[in-house]
Amino acid sequence: MTSIGAVEDIAAGPEVPAGWQKVRPRTLVSQAAEAILAAVSRGLLLPGDRVVENDIAAALGVSRVPVREALRMLEQQGVVMSEPYRGMRLV
């Protein structure tokens, strides 16, 4: 038999040594956001450009859903701006 404390230790996983961070799996949303930011830094997207979900999704080989969520995340960070009935624009 195991004690409850032992079960909790197993569920929590191994402890991370001081100074290290656990590696987390990257979601499609975070990868899409990083790709959009990389496109901005390479000059593929310029301030004022319209950001089209379909175009980005096709370029990244993913569906529109992770791109839409990535754009919402970037909107909260002030990178893109939503214009009613027009879509997103790069700030």
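Take any residue in the sequence shown, note its place counting from 1, add 348, and you have its number in our numbering.
Using N, Cα and C, we set each Cβ at its ideal position, and we do this for glycine too.
This one's a predicted model, so the numbers in the text were calculated from it and none came from an experiment.
Of the candidates Arg437, Pro362, Glu363, Val364, Arg437 places its Cα closest to the Cα of Glu401. By the criterion of a C-beta distance shorter than 6 Å, Val415 is surrounded in its chain by Ala380, Glu401, Ile404, Ala405, once the five residues flanking it on both sides are discounted. Straight across, the Cα-Cα distance linking Val410 with Ala383 is about 12 Å.
Val413 carries a helical assignment under DSSP once its states are collapsed to helix, strand and coil.
Under DSSP, the beta-bridge partners assigned to Met436 are Val399, Ser430.
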